[in-house]
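The next block holds one structure in the form of structure tokens; read it before the comments.
There are 2 protein chains.
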Amino acid sequence: MADQRIVDGVLSGDRRMMARAISMIENEDKDKHRILSALFPHTGKAYVIGITGAPGAGKSSLVDRLLSILRSRGLTVGVIAVDPTSPFTGGAILGDRIRMQEHALDKDVFIRSMGTRGSLGGLSRATKDAIQVLDASGKDVVVVETVGVGQSEVDIIKYADTTLVVLTPAGGDSVQTIKAGIMEIADVFVVNKADLPGADRTVAEINIMLDLGGATRPWRPPIVRTVTIDGSGTDEMYAAILRHSEYLKESGNLERLRKERTRRDVVDLIEYRIKSTVWEQVHGSPEFDDVVARIVSRETDPYSAALQILRQVNLDRCKE
Amino acid sequence: MADQRIVDGVLSGDRRMMARAISMIENEDKDKHRILSALFPHTGKAYVIGITGAPGAGKSSLVDRLLSILRSRGLTVGVIAVDPTSPFTGGAILGDRIRMQEHALDKDVFIRSMGTRGSLGGLSRATKDAIQVLDASGKDVVVVETVGVGQSEVDIIKYADTTLVVLTPAGGDSVQTIKAGIMEIADVFVVNKADLPGADRTVAEINIMLDLGGATRPWRPPIVRTVTIDGSGTDEMYAAILRHSEYLKESGNLERLRKERTRRDVVDLIEYRIKSTVWEQVHGSPEFDDVVARIVSRETDPYSAALQILRQVNLDRCKE
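Going down the list, the sequences are from chains A and B.
Each step along the first sequence adds one to the number in this note's numbering, with nothing skipped, and position 308 is 308.
Each step along the second sequence adds one to the number in this note's numbering, with nothing skipped, and position 54 is 54.
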């Protein structure tokens with residue numbers, strides 16, 4: 001299909017073309033960059049909300065509730081549900097994304113799941129590109145939901161303007177999640193399942209963590225309690241997002257944040273180009289196999305071998 | 001300090017020199033590669049056991065038990081406890097690695113914690129290099145323990161010959177952990193806290209997952225139940241490790257595995273060299289800042305900008 005038709009389709013909000021563009025991104029289609037280039041001038045308008053937290057914390061239900069709130073205010077919404085499920089297990093087996101059903105027929109809501117294809121570095125980049133597609137399509141808000149425990153999920157969520165970290169009162173979950181390194185990416189803490197015993201302790205723990213770590217931070221992440229079954233607290237959650245968004249804009253941090261993100265994008269793209277150039281020339285080559293064999297037999301070492309291989313590669317091809 | 005003294009020290013098993021070498025690795029010391037090169041001919045002898053699982057699954061206690069078993073068989077052991085704790089929270093605050101105390105004075109046991117410094121990609125590489133140091137020092141077994149939930153932890157654990165995935169019967173933990181993508185890296189499943197209710201269900205769930213995904217796999221990961229408080233099941237855990245190690249050797253998979261790992265090492269080293277070369281020339285340069293500003297104002301797009309920057313870089317410097 002001609003690139004232009006996809007670009008025009010995305011820009012007019014055509015769901016089929018949006019889905020097509022995101023599939024091209026996922027499949028590392030060779031025309032991907034051309035399409036993203038063409039869409040780029042039309043991006044930068046959507047507000048991106050990230051939702052992360054441990055498995056089972058109720059992120060999907062919160063996204064459901066958030067969708068209803070955003071729609072009731074007349075805002076159009078794109079949702080990207082990132083599931084770093086292994087290719088081995090396959091997302092479908094373990095019960096899955098047949099959810100957010102009440103919004104499925106709403107033409108101003110676009111929902112897309114993305115899973116691992118190849119490396120997770122690839123997933124993070126694909127998520128970023130998919131956000132661009134939804135942004136260019138004119139969605140007012142893009143919501144990115146991801147399981148948040150390791151650094152890889154942090155990489156995905158860093159494209160959000162406002163990030164919600166969802167915790168639950170369940171056994172030691174909160175502290176452990178914080179340990180895993182998502183503390184500093186939270187703009188709003190959501191203690192979900194707040195009707196369960198231990199919610200007060202979870203809130204107290206978060207406050208202690210904030211007191212310890214954030215003395216000089218200008219934005220202290222508010223802590224909101226929610227119960228998704230009856231929706232209680234979700235309006236407060238939305239209010240907290242709005243407050244953070246206003247803070248970002250007034251402080252100039254939104255601009256700084258997006259500049260920093262742009263910088264990282266360019267860095268990623270440069271590295272990606274160079275890597276592709278190297279691997280096109282090296283992977284599967286008999287010389288490479290030979291070097292590996294000589295390392296395994298301890299005739300050479302990986303450090304010397306890496307240099308030797310590099311010397312044989314025409315790096316200037318990545319400048320074409 | 002002269003590199004040679006450190007190399008000699010590591011080779012003779014001098015704990016201070018081992019610690020020094022690992023610190024150099026963590027700090028990205030410029031002599032790091034020289035030392036690793038010199039150690040490399042003496043590596044490849046240690047058997048590497050990885051232990052991963054969700055936070056709170058009891059990995060540390062299992063490592064304790066495993067250490068006692070290995071030591072009782074006269075084997076020398078190195079332990080690397082990888083903690084991808086964020087720099088913000090700091091590992092020390094949340095109660096920590098003052099553990100495995102009974103082995104602290106045993107001269108044939110070397111225990112080292114490693115945390116995030118910079119990127120997690122860096123942590124994975126540092127862990128790999130630290131394994132090399134312990135291997136070169138003559139340790140019979142190296143145990144790598146890490147929180148296992150995301151792809152980043154999978155990256156760390158992939159340097160293990162035998163990987164234990166630790167699950168617990170606690171609320172939905174097992175299935176969720178499996179979802180997060182560590183199913184296919186398990187060589188042995190350990191259901192810890194097996195005295196808790198739900199252990200049977202956890203075992204059954206793992207079996208279902210194995211039935212679904214692994215019809216053609218020659219090694220079906222055994223499932224071992226353990227209780228670390230009284231040590232029950234830990235001998236069976238060790239027996240399962242031994243069986244897997246024998247399977248790897250007899251099937252030729254150990255050689256294949258290590259060859260594949262070598263290949264990946266060289267790949268990583270090449271990419272690292274290129275990245276360093278690019279960023280030495282680009283980061284902080286006024287040209288780069290200018291390009292970022294023009295992307296933010298939508299005058300250019302990241303894809304064109306990346307190419308433009310690349311054209312200005314002297315890539316051949318990474319061949320020096």
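We put the beta carbon where it would ideally sit given N, CA and C, even for glycine.
What separation, rounded to the nearest whole angstrom, lies between the Cα atoms of His42/A and Arg125/A? Within the first sequence, residue 42/A is the residue found at index 42, counting from 1. Within the first sequence, residue 125/A is the residue found at index 125, counting from 1. If I take the Cα positions, the gap works out to 19 Å.
Kindly give me the distance between the Cβ atoms of Val82/B and Val144/B, rounded to whole angstroms, as I take these residues to be in contact under 8 Å. The count along the second sequence starts at 1 and reaches residue 82/B at position 82. The count along the second sequence starts at 1 and reaches residue 144/B at position 144. So it is a contact: roughly 7 Å between Cβ atoms.
Excluding sequence positions up to five away, which residues of its chain have a Cβ less than 7 Å from the Cβ of Pro55/A? In the first sequence, the residue the question calls residue 55/A occupies position 55. Closer than 7 Å at the Cβ level, and outside the excluded window around Pro55/A, lie Val147.
Beta-carbon of Asp195/B versus every beta-carbon of chain A: anything under 8 Å? Within the second sequence, residue 195/B is the residue found at index 195, counting from 1. No, because no Cβ of chain A sits closer than 8 Å to the Cβ of Asp195/B.
Less than 8 Å between CB atoms is the rule here; does Leu315/B satisfy it with respect to chain A? The residue given as residue 315/B occupies position 315 in the second sequence. So yes, Leu315/B belongs to the interface.
Determine the contact status of Ile156/B and Leu123/B, defining contact as a CB-CB distance below 8 Å. On the second sequence, position 156 is the one that residue 156/B refers to. On the second sequence, position 123 is the one that residue 123/B refers to. Yes.
Got a sec? Which residues, its chain only, sit under 7 Å from Ala21/A by beta carbon, not counting five neighbours each side? Counting from 1 along the first sequence, the entry for residue 21/A is found at position 21. So the qualifying residues of the chain are Ile6, Val10, Ile35 and Val133.
On the criterion of 16 or more Cβ atoms from any shown chain inside 10 Å, does Val166/A qualify as buried, or is it exposed? Against the first sequence, residue 166/A aligns to sequence position 166. That one is buried.
Can you tell me which residues form a DSSP beta bridge with Val10/A? Counted from its first residue, the first sequence places residue 10/A at position 10. For Val10/A, which the question treats as bridged, DSSP gives no partner whatsoever.
Below 8 Å, can you find three or more Cβ-Cβ pairs linking the region 217 to 236 of chain B to the region 45 to 62 of chain B? yes
For a contact meaning CB atoms closer than 9 Å, what does Gly44/B contact in chain A? Residue mapping note: residue 44/B aligns to position 44 of the second sequence, counting from 1. Those within 9 Å of Gly44/B in chain A are Val296 and Arg298.
Please tell me whether Ile270/A and Leu254/B are closer than 8 Å, where the distance is taken between their beta carbons. The sequence position of residue 270/A within the first sequence is 270, counting from 1. The sequence position of residue 254/B within the second sequence is 254, counting from 1. No, the Cβ-Cβ distance between Ile270/A and Leu254/B is not below 8 Å.
Please go through the same chain and pick out, in chain order, the residues whose beta-carbon is closer than 7 Å to the beta-carbon of Val313/A, but skip the five residues on each side of it. Mapped onto the first sequence, residue 313/A falls at position 313. Excluding sequence neighbours, Val313/A sits near Val278, Gln281 and Val282.
CB of Lys139/A within 8 Å of CB of Val188/A, strictly: Stepping through the first sequence from its first residue, residue 139/A is reached at position 139. Stepping through the first sequence from its first residue, residue 188/A is reached at position 188. No, they are not a contact pair.
Taking only the alpha-carbon atoms, compute the straight-line gap between Lys32/A and Phe40/A and give it to the nearest angstrom. One-based indexing of the first sequence puts residue 32/A at position 32. One-based indexing of the first sequence puts residue 40/A at position 40. Each residue's Cα considered, the two are about 12 Å apart.
Put Asp161/A into one of helix, strand or coil per three-state DSSP. Along the first sequence, read from residue 1 onward, the residue named residue 161/A stands at position 161. Note: Asp161/A maps to coil in three-state DSSP.
Quick check on DSSP: helix, strand or coil for Arg73/A? By 1-based counting over the first sequence, the position of residue 73/A is 73. Note: Arg73/A maps to coil in three-state DSSP.
Let me make sure I understand the geometry here. Which of Glu246/B, Ile51/B and Ala19/B has the alpha-carbon closest to that of Val109/B? For the purposes of this step, residue 109/B is taken as the residue at position 109 of the second sequence. When only C-alpha atoms are compared, the closest one is Ala19/B.
For chain A, check one thing: does any of its Cβ atoms lie closer than 8 Å to the Cβ of Pro286/B? Numbered from its first residue, the second sequence carries residue 286/B at position 286. Judged by the 8 Å Cβ criterion, Pro286/B is not in contact with chain A.
Under DSSP, the beta strand (DSSP E) around Val188/A begins and ends at which residues? Here residue 188/A is taken as the residue at index 188 of the first sequence, counted from 1. First-last of the beta strand (DSSP E) with Val188/A: Val188 to Val191.
Measure the alpha-carbon distance for Ala186/B versus Pro221/B and round it to whole angstroms. The residue you call residue 186/B lines up with position 186 of the second sequence. The residue you call residue 221/B lines up with position 221 of the second sequence. Cα to Cα, Ala186/B sits roughly 7 Å from Pro221/B.
Per DSSP, which residues does Tyr272/A bridge with? Please list them. Walking along the first sequence from the start, residue 272/A turns up at place 272. Paired residue(s): none; Tyr272/A is not in a bridge.
Three-state secondary structure (DSSP) of Ala46/B: If you number the second sequence from 1, residue 46/B lands on position 46. If DSSP states are grouped into helix, strand and coil, Ala46/B belongs with coil.
Along the chain, where does the beta strand (DSSP E) containing Phe110/B start, and where does it finish? Along the second sequence, one-based indexing puts residue 110/B at 110. Note, Phe110/B: beta strand (DSSP E), Val109 to Gly115.
Output, in chain order, the set of chain A residues within a Cβ distance shorter than 7 Å of Tyr303/B. Numbered from its first residue, the second sequence carries residue 303/B at position 303. Result: His33, Leu36, Ser37 and Leu269.
Just to confirm, does Glu287/B get its C-beta within under 7 Å of one of the non-hydrogen atoms of the ligand ATP? Absence of the ligand ATP from the depicted structure is noted, as is the absence of any ligand whatsoever, leaving it without description.
Given Arg256/A as reference, the closest of Ala130/B, Ala194/B, Asp289/B and Ile229/B once Cα atoms are compared: Here residue 256/A refers to the residue found at position 256 when the first sequence is read from its first residue. Out of Ala130/B, Ala194/B, Asp289/B and Ile229/B, Asp289/B has the C-alpha closest to the C-alpha of Arg256/A.
Mind checking whether Thr262/B and Val292/A have CB atoms under 8 Å apart? Sequence index remark: in the second sequence, residue 262/B carries index 262 (1-based). Sequence index remark: in the first sequence, residue 292/A carries index 292 (1-based). Yes, these two residues count as a Cβ contact at 8 Å.
Under the three-state DSSP convention, the category Arg220/B falls into: The count along the second sequence starts at 1 and reaches residue 220/B at position 220. Correct three-state label for Arg220/B: coil.
The beta strand (DSSP E) with Thr146/B in it runs from where to where? Here the question's residue 146/B lines up with position 146 in the second sequence. It spans Val141 to Val147 - the beta strand (DSSP E) in which Thr146/B sits, taken as one unbroken run.
Please list, in chain order, all residues of the same chain as Met17/A whose beta carbon is under 6 Å from its beta carbon, the five residues on each side excluded. Here residue 17/A is taken as the residue at index 17 of the first sequence, counted from 1. Only Ile6, Gly9 and Val10 meet the Cβ criterion.
Pro302/A and Ile295/A: beta carbons closer than 8 Å? Here residue 302/A is taken as the residue at index 302 of the first sequence, counted from 1. Here residue 295/A is taken as the residue at index 295 of the first sequence, counted from 1. In contact: Pro302/A and Ile295/A (Cβ atoms closer than 8 Å).
Quick one: what does DSSP say Ala305/B is sitting in, helix, strand or coil? The sequence position of residue 305/B within the second sequence is 305, counting from 1. Looking at Ala305/B - three-state DSSP - the assignment turns out to be helix.
Give the residues of chain B in contact with Ala306/A, contact being defined as C-beta atoms less than 7 Å apart. Position 306 of the first sequence, counting from 1, holds the residue named residue 306/A. The answer, in chain order, is Val266, Leu269, Ile270 and Arg273.
Since I believe Ala305/A is in contact with Val266/B (beta carbons under 8 Å), could you give me their beta-carbon distance rounded to a whole number of angstroms? Indexing the second sequence from 1 puts residue 266/B at position 266. Indexing the first sequence from 1 puts residue 305/A at position 305. Right, the Cβ-Cβ distance comes to about 5 Å (below 8 Å), so this counts as a contact.
Buried versus exposed, by CB contacts within 10 Å (16 or more), Arg389/B: Given a span of 1 to 320 for chain B in the structure shown, any question on residue 389/B remains unanswerable.
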